[in-house]
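One structure is given here, and the rest of the page talks about it.
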Amino acid sequence: MSQITVEHNPSEERLKELGVSSWPIWEKEISKFTIDFDETETAYVLEGEIIVTPVGGEPVRILPGDLVMFHEGLDSEWEVVKPLRKHYHYD
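Under our numbering, the first residue of the sequence shown carries the number 230, and numbering increases by one thereafter.
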């Protein structure tokens, strides 16, 4: 299984089912940094653009409207290309 799962433009029903609107919001300016996930994060991107590259893997471009799962055990390099604003939730 991939360490990053992207669902492009999920339906409003799917977002409601997950309770996305009640999740906290995280914002980040244009930057580069590493994140190592010790638990699975689900995120819904509201604004911005990021490129997440798993260590030893291929870059994944993530855009507004994407519902993304960063799976437990993922070690990654992040490049925030456009200021990021996203809902997030940990399983």
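Glycine included, each C-beta is placed from N, C-alpha and C at the ideal position.
Assuming the contact rule is C-beta atoms closer than 8 Å, residue 255 and residue 281 should be a hit. Round their C-beta distance to whole Å, please.
So it is not a contact: roughly 14 Å between Cβ atoms.
Check for me: the beta strand (DSSP E) holding residue 276 runs from which residue to which?
270 to 283
Along the beta strand (DSSP E) that carries residue 256, what are the first and last residues, could you check?
254 to 257
Looking only at DSSP bridge pairs, what is residue 305 linked to?
264, 283
Taking all protein chains shown into account, decide if residue 267 is buried (16 or more other Cβ within 10 angstroms of its Cβ) or exposed.
exposed
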